[in-house]
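Each position in the sequence shown, counted from 1, maps to that position plus 34 in the numbering used here.
Glycine residues also receive a C-beta, built at the ideal position from the N, C-alpha and C atoms.
Note that this is a predicted model, so its numbers are computed, not measured.
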Amino acid sequence: MPRPEPKEAMPHGRIADNIVYFARTLRKAGMRVGPASVKDAIEAVLAAGIGSRDDFYWTLHAVLVSRHEDHAIFDEAFRLFWKSRELIEKMLAMFSPVAPDTREKQKPRAAENRVSQAMFEGHQKNQPPQEIP
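Okay, here's the thing in structure tokens:
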């Protein structure tokens with residue numbers, strides 16, 4: 035059977051790639067997300083379409099969340115991963131030692147630390163060690 039051309043394999047841009055990266059983030063945060071679930075999530079999104087953010091959220095949620103305790107992790111990961119403006123702000127704050135954080139301190143949301151660590155794991159490995167006073 036001949037392999038499909040890249041355009042045929044990815045007719046909807048990079049959404050499939052982004053779903054794969056999102057699933058990896060969920061896995062790193064401790065959720066049980068296997069390759070079959072990722073494939074099912076991509077197929078579900080392509081079948082349902084992306085009408086709204088809520089539709090997209092619940093389509094992925096229906097496929098990727100199989101345990102009640104994973105809901106908070108999924109919710110936080112979705113909020114961080116699919117909202118590029120906040121993601122960019124977090125990345126800039128994390129990588130820029132001179133940029134002061136002017137936002138008010140908020141109580142961390144459930145699962146926020148686990149998801150943040152999963153998303154940014156490995157990005158600080160090249161940074162020099164910092165002394166703790």
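Residue i to residue j span [Cα, whole Å]
i	j	result
Ala-152	Arg-113	14 angstroms
Asp-88	Leu-98	15 angstroms
Ser-86	Thr-93	11 angstroms
Gly-83	Glu-155	31 angstroms
Glu-146	Ile-107	7 angstroms
Glu-103	Val-67	14 angstroms
Glu-110	Val-149	7 angstroms
Tyr-91	Arg-61	17 angstroms
Gly-64	His-105	12 angstroms
Phe-56	Ala-81	18 angstroms
Ile-76	Ala-50	6 angstroms
Ala-70	Lys-117	25 angstroms
Val-79	Phe-115	16 angstroms
Endpoints, alpha helix (DSSP H) assigned at residue i
i	result
His-181	Any property of residue 181 remains undetermined from this structure, which presents the chain solely from 35 to 167.
Lys-62	49 to 62
Lys-73	69 to 82
Arg-113	105 to 115
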